[in-house]
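>
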Amino acid sequence: MFKKNKHGIQVKTPEQLEKMRAAGLVVGRTLKLLRESVQPGMTPLDLDVIAEKAIRDEGAIPSFKGYQGFPASICASVNDEVVHGIPGNRRALREGDVISIDCGAILDGWHGDSAITVPIGEVDPKLTELMRVTEEAMWRGIAALTVGRHLSDIGHEVEKYVRSQGRYGIPQEYGGHGIGTEMHMDPWVANHGRPGRGPRFEPGMCFAVEPMVNLGTDRTKVLSDDWTVVTVDGKASAHFEHSVAVTHNGPWVLTALDGGEERLAELLGDAG
Numbered sequence: 025m026f027k028k029n030k031h032g033i034q035v036k037t038p039e040q041l042e043k044m045r046a047a048g049l050v051v052g053r054t055l056k057l058l059r060e061s062v063q064p065g066m067t068p069l070d071l072d073v074i075a076e077k078a079i080r081d082e083g084a085i086p087s088f089k090g091y092q093g094f095p096a097s098i099c100a101s102v103n104d105e106v107v108h109g110i111p112g113n114r115r116a117l118r119e120g121d122v123i124s125i126d127c128g129a130i131l132d133g134w135h136g137d138s139a140i141t142v143p144i145g146e147v148d149p150k151l152t153e154l155m156r157v158t159e160e161a162m163w164r165g166i167a168a169l170t171v172g173r174h175l176s177d178i179g180h181e182v183e184k185y186v187r188s189q190g191r192y193g194i195p196q197e198y199g200g201h202g203i204g205t206e207m208h209m210d211p212w213v214a215n216h217g218r219p220g221r222g223p224r225f226e227p228g229m230c231f232a233v234e235p236m237v238n239l240g241t242d243r244t245k246v247l248s249d250d251w252t253v254v255t256v257d258g259k260a261s262a263h264f265e266h267s268v269a270v271t272h273n274g275p276w277v278l279t280a281l282d283g284g285e286e287r288l289a290e291l292l293g294d295a296g
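Below, the structure is given as C-alpha cells:
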C-alpha cells in the first residue's frame, strides 16, 4: 500500500498527497490561530489548550501528545529554548520574548508538521532579524526540493543562506525528516552540508524542512526534563518548519495555507 524507493524513502501517490495536504492544512490553520492568539500574559500552556482544541475540532489528532511520552499537543520553546519545550504555566510570556511553536496533526492516518517563531510584542531588532534569517533559510531549503536534486541540497541551501547573513549558530544535531504515515521517517534532513549528496528527489517524496538558528553558539544541551533543548550560551534561538512534497511541478508546501506559491514564485520563478 505504501511504496518505498530503493533508499527506503516513502513515495506517495497523488491521492495520498491530497490526504497529506488535508493534514497539513489542519496544522497550518492551527498555527495561524496561535500566531493571532499569542500575547503578553499568556502562558505556553494556554497556547497548548488552544492548539489541542483546534486540532480536535477538525477531526484530527495532535501527533505530539503522547509521542515517546511527550505530554502536550505543541512544543513551545521560549527565548533560549531551541526545540522541544514542554508548554507550562510557571512563567507567562512577556513583551520582548520570542516563542517557537511546533505543531503536528494526524488526519486519516497522515501527518502534518510545521513550526513558527513568534515575537511577543516589540522585540529586540536582533531577534527580528534572527527570525527573518531562519524563515528565509527554510524557504531556501524548500526551494531545493525539485525532481532530480539531492537530499543534501536542502541543508546546503539552508546553511549557505544563514552563513551569508552573519555569525549565527546552526545546531548540528537537529534537523528535519521524512514524513507521511509517521511523523518522523527516514531520511534525516540536515541543516548543513555539501550539495549533491544522498538520494535524488522523486515525485511523491515528502520531507519536513526545519532549520533552527541560534543568535550565538551552535552548541546546545538538553534540560533535566529530557525534552527541552537550550543554547549553552543562553542566547535566543528561532525555528521554522514546513512539510513539503516533491512534485513534477516543484515543491508543494503541504502545511502552508497557499501551498507555498507566493514565496516559491519569488525564489523559483513561474517554473516553480
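The sequence shown begins at 25 in this note's numbering and counts up one residue at a time. Note that beta-carbon positions come from the ideal geometry of N, C-alpha and C, so glycine has one too. Just so you know, these numbers come straight off a predicted model, no measurement behind them.
What did DSSP end up calling residue 158 once you bin it into helix, strand or coil?
For the purposes of this step, residue 158 is identified with residue 134 of the sequence shown, where counting begins at 1. DSSP places residue 158 in helix when its eight states are reduced to three.
> Could you work out which residue in 240, 86, 242 is closest to residue 137 when comparing CA atoms only?
Along the sequence shown, one-based indexing puts residue 137 at 113. Among 240, 86, 242, the Cα nearest to that of residue 137 is on 86.
> Taking the beta carbon of residue 50 as the centre, do at least 16 other beta carbons fall within 10 Å, making it buried, or is it exposed?
Translated into positions along the sequence shown, residue 50 becomes position 26. Residue 50 is buried by the Cβ-count criterion.
> Who are the Cβ neighbours of residue 226 in its own chain at under 7 Å, not counting the five residues just before and after it?
As a working mapping, residue 226 is identified with position 202 in the sequence shown. Only 29, 35, 171, 270 meet the Cβ criterion.
> What are the boundary residues of the beta strand (DSSP E) that residue 275 is part of?
Residue mapping note: residue 275 aligns to position 251 of the sequence shown, counting from 1. Note, residue 275: beta strand (DSSP E), 274-277.
> List the endpoints of the continuous alpha helix (DSSP H) containing residue 49.
One-based indexing of the sequence shown puts residue 49 at position 25. Residues 38-61.
> Please classify residue 130: does DSSP put it in a helix, a strand, or coil?
Here residue 130 refers to the residue found at position 106 of the sequence shown. Note: residue 130 maps to strand in three-state DSSP.
> Say whether the segment 117-124 touches the segment 274-284, bearing in mind that this needs 3 or more beta-carbon pairs closer than 8 Å, one atom from each stretch.
No contact exists between the segment 117-124 and the segment 274-284.
> Between residue 31 and residue 77, what straight-line distance do the alpha-carbon atoms span, to the nearest angstrom?
What you label residue 31 is simply residue 7 of the sequence shown in a count that begins at 1. What you label residue 77 is simply residue 53 of the sequence shown in a count that begins at 1. Approximately 38 Å between the Cα atoms of the pair.
> Residue 235 and residue 168 - do their beta-carbons sit closer together than 7 Å?
Position 144 of the sequence shown, counting from 1, holds the residue named residue 168. Position 211 of the sequence shown, counting from 1, holds the residue named residue 235. In this structure, residue 235 does not lie closer than 7 Å to residue 168 by Cβ.
> Leaving out the 5 sequence neighbours to the left and right, which residues in its chain are closer than 7 Å to residue 209 when beta-carbon positions are compared?
Here residue 209 is taken as the residue at index 185 of the sequence shown, counted from 1. Only 34, 201, 202, 203 meet the Cβ criterion.
> For the putative contact between residue 249 and residue 110, defined by C-beta atoms under 8 Å, what is the C-beta separation to the nearest angstrom?
Residue mapping note: residue 249 aligns to position 225 of the sequence shown, counting from 1. Residue mapping note: residue 110 aligns to position 86 of the sequence shown, counting from 1. With a Cβ gap of about 6 Å, residue 249 and residue 110 count as contacting.
> Measuring CA to CA, which of 130, 187, 287, 134 is closest to residue 166?
Taking the first residue of the sequence shown as 1, we reach residue 166 at position 142. Comparing Cα-Cα distances from residue 166 to each of 130, 187, 287, 134, the minimum goes to 287.
> If we ignore side chains and look at the alpha-carbon of each, how far apart do residue 129 and residue 150 end up?
Within the sequence shown, the letter at position 105 stands for residue 129. Within the sequence shown, the letter at position 126 stands for residue 150. Their backbone Cα atoms lie some 32 Å apart in a straight line.
> Quick one: what's got a C-beta closer than 8 Å to residue 295's C-beta in the same chain, skipping five residues either side?
The count along the sequence shown starts at 1 and reaches residue 295 at position 271. Residue placement at residue 295 cannot be trusted, given a pLDDT of 42 that sits under 50; the coordinates are not used to answer.
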